[in-house]
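Enquirer: Got a structure for you, written out below as structure tokens; questions coming shortly.
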Amino acid sequence: MQKMKNGKKVLSVCLSLAMAAGMLSTSAFASWNVYGGSNNHNAVVTEAPTAPDKSGLDSYIQLHCTGSGWDGVDNVPVLQTVNGTTYAYVLYDGYGASGALVAKIRCAENGGSSIVWTTDPYGTEGTSLNAKSGFQLSTPYLDDNGTPNDASDDTLYVGTISQYDDYEGGEWLTGTGSKVMALTGLDQNKPTVTNVLTGINGQINTPITTDGTYLYFGTWPGGSNAGTYYQVKLSDYSVKTFTPDSYGFYWAGAVSDGTNVYFGSDNGLLYWRSIADFDTTGGVLDLTDVASDAGNVRSTVMMDEDGFLYFTTQGGYLWCCSYKDGLTVEWKAKLGPDPDTNVTSTSTPTKVGDRIYVGYYSGFSDGGVQCVTVSIGEDGSSYIPSVAPVASGFPVQSSIVVMGDGTGTDYLYFNTNAQKGAGYCYSYDGGTTGSKVWGTTGDTYALGGMAIDNGYAVFGNDYNHLYVVHD
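Numbers -30 to -1, 1 to 441, taken from mature numbering (1 follows the signal peptide of the UniProt record, and there is no 0), label the letters of the sequence shown in order.
Put into structure tokens, the structure is as follows:
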């Protein structure tokens, strides 16, 4: 499997703002049950740690694993608060004989978090994901069934990049087959695992997103080979698909405006598909017509309250697009310390007020976080007046979680994908740069970004160390 890590480890942790009109919410601010914390993938929270105890910054939970490897927790946890207690669900690679695993964590302050359960190693039907060891890049989706304080009827949807051909022989599917599973009984001693969709060609490398009626995810078969984007109806698991002529979908999660769904792909393309006729109706915008060096779209698309679409590309650009009888580029901004510096971004933008926060990187030692200030013109168009640095000196491949409204001091939460990667909180008030508030102890590569709920900030890294930070 190709994984940009020991050569180019990248993240498209996609994050988006307020719910657009007509869209269904996923318990906004009551839990973090989908990538970015809401259906629009804008990672804005109302409660987050700003003065944690040092013991909480120095400690972590060691997730169950067999051996070691260059992967571990490579996606973003999902969180749920039930009757005041916050739980994290984490998909990760347990290495070797363990294969892919999911753990449920009870979050507590000052290093007191604990593991509630872990799915069984591969080979056990009904309580195991039965997925071989490997990079698990797809962030799960937690469906709380409209009852956030009752976990007994919840379903956790998980996508993995390998599966058993059969339980008896223990043979792997040829190539890079993937599958999607439903985990139920999350409040029990061990969840029940059932297959939703199996025999998927290519790797599920995007988050599983939702519009409240359907699940969406895409596959990446490698190179210029065509991937497939899936629409799965939650009520009966019926499936519609879209397969372009070439190129696949890597970290490129989808967002919906209630009529269409939008997602990017490799080779600098942004697609739209009709929700009602997903398999037959849609279109595409070629970003290379605007910037020949646009690069792959490897971030989830975020939609703001005005319906504008935001995402980044590996050419080091932040993009703003809109849909008006077709997709249109509103503007693009080159990221990095100056326009001539070669940087990359897979960070899904986060927008509060007129500030957009985004991460970028150059290799495993340089990069940072920038704030792009936007304005809306009298004709309804969006444009960018300025770009300012917030943090620098480390590679930020994760997206940024924000507490604030974009008018005073905002608090930003992110990880670094470096040899001594860590989690950070920075403050920014619109000035020349931001200020460090806290940081966890330097550990190892942290590809996935943070999830935050009920004041708990949670993230993992390649050692399968899970950090839980709280004031």
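The beta-carbon is built from N, C-alpha and C at its ideal position, and this holds for glycine as well.
Which same chain residues end up closer than 7 Å to Ala21 when comparing Cβ atoms and leaving out the 5 residues on each side of it in sequence?
Expert: So the list reads Asp441, once near-sequence residues are dropped.
Enquirer: Determine whether the beta carbon atoms of residue 477 and Tyr331 lie at a separation below 8 Å.
Expert: Outside the shown range of the chain, which is -30 to 441, sits residue 477, and nothing can be said about it.
Enquirer: Return helix, strand or coil for Ser205, following the three-state DSSP convention.
Expert: coil
Enquirer: Kindly indicate the opening and closing residues of the beta strand (DSSP E) around Gly234.
Expert: That run of the beta strand (DSSP E) goes Asn230 to Ser235.
Enquirer: Within 10 angstroms of its Cβ, does Thr251 collect 16 or more other Cβ (buried), or is it exposed?
Expert: exposed
Enquirer: So what does Gln173 bridge to, in DSSP terms?
Expert: Trp190
Enquirer: Measure from the C-beta of Tyr65 to each C-beta in chain B and report whether the shortest distance is under 8 Å.
Expert: Absent here is chain B; the protein component of the structure consists of one chain.
Enquirer: Quick check: what's the CA-CA separation for Gly218 versus Leu240?
Expert: 12 Å
Enquirer: Does the beta-carbon of Pro47, which I'm using as the reference point, lie nearer than 7 Å to any heavy atom of the ligand NAP?
Expert: Ligands are entirely absent from the displayed structure, and the ligand NAP is therefore not among its contents.
Enquirer: Just reading off the alpha helix (DSSP H) that Gly26 is part of, what are its end residues?
Expert: Note, Gly26: alpha helix (DSSP H), Lys24 to Asp28.
Enquirer: Return helix, strand or coil for Val439, following the three-state DSSP convention.
Expert: Three-state result, Val439: strand.
Enquirer: According to DSSP, is Asp123 part of a helix, a strand, or is it coil?
Expert: helix
Enquirer: Measuring CA to CA, which of Ala101, Pro47 and Gly6 is closest to Asn431?
Expert: Pro47
Enquirer: Return the chain-ordered list of same chain residues with a C-beta closer than 8 Å to the C-beta of Lys390, the five sequence neighbours on each side being excluded.
Expert: Gly412, Asp413 and Thr414
Enquirer: So, are the CB atoms of Trp289 and Thr282 less than 8 Å apart?
Expert: yes
Enquirer: In whole angstroms, what is the alpha-carbon distance linking Ile174 and Pro355?
Expert: 37 Å
Enquirer: I need the DSSP call for Gly286, collapsed to helix, strand or coil.
Expert: When DSSP states are grouped into helix, strand and coil, Gly286 belongs to the coil group.
Enquirer: With the cut-off set at 8 Å, would you say Leu279 and Tyr232 are in Cβ contact?
Expert: yes
Enquirer: Tell me whether the beta-carbon of Leu33 lies closer than 8 Å to the beta-carbon of Ala73.
Expert: Result yes, Cβ atoms of Leu33 and Ala73 sit closer than 8 Å.
Enquirer: Going straight from the alpha carbon of Thr318 to that of Val328, what length do you get?
Expert: 7 Å
Enquirer: With a 10 Å radius around its C-beta and 16 neighbouring C-beta atoms as the bar for buried, classify Lys294 as buried or exposed.
Expert: exposed
Enquirer: Could you tell me which residues DSSP pairs with Phe429 in its beta bridges?
Expert: Tyr437
Enquirer: Hey, would you say Gly228 sits closer than 8 Å to His11, going by beta carbons?
Expert: No, these two residues do not count as a Cβ contact at 8 Å.
Enquirer: How long is the line joining the alpha carbons of Asn53 and Thr89, rounded to whole angstroms?
Expert: 24 Å
Enquirer: How long is the line joining the alpha carbons of Gly69 and Gly155, rounded to whole angstroms?
Expert: 21 Å
Enquirer: Could you spell out where the beta strand (DSSP E) holding Val52 opens and where it closes?
Expert: Val48 to Val52
Enquirer: Between Gly238 and the rest of its own chain, which residues show a CB-CB distance below 7 Å, the 5 nearest in sequence each way excluded?
Expert: Asp256, Leu257, Thr258, Ala264, Gly265, Asn266, Val267 and Thr283
Enquirer: On the CB-based measure, 16 or more other CB atoms within 10 Å of its CB, does Asp124 come out buried or exposed?
Expert: buried
Enquirer: Is Leu167 helix, strand or coil by DSSP?
Expert: It is a strand residue.
Enquirer: If the criterion is Cβ atoms closer than 8 Å, does the pair Asn424 and Thr56 meet it?
Expert: yes
Enquirer: At 3 residues or longer, and completely inside the stretch 319 to 356: list those beta strand (DSSP E) runs for me, N to C.
Expert: 320 to 322, 325 to 332 and 336 to 346
Enquirer: Please state whether DSSP places Asp255 in a helix, a strand or coil.
Expert: The residue you asked about is not Asp; residue 255 is Leu in the sequence shown. Correct three-state label for Leu255: strand.
Enquirer: Would you grab the beta carbon distance between Ile326 and Val339 for me? Rounded to a whole angstrom, and I think it's under 8 Å.
Expert: Between Val339 and Ile326 the Cβ distance is about 11 Å, and since that is not below 8 Å, they are no contact.
Enquirer: Between which two residues does the beta strand (DSSP E) carrying Asn385 extend?
Expert: Asp380 to Asn385
Enquirer: Lys210 and Phe248 - do their beta-carbons sit closer together than 8 Å?
Expert: yes
Enquirer: By the three-class DSSP mapping on this structure, what secondary structure does Ala67 have?
Expert: helix
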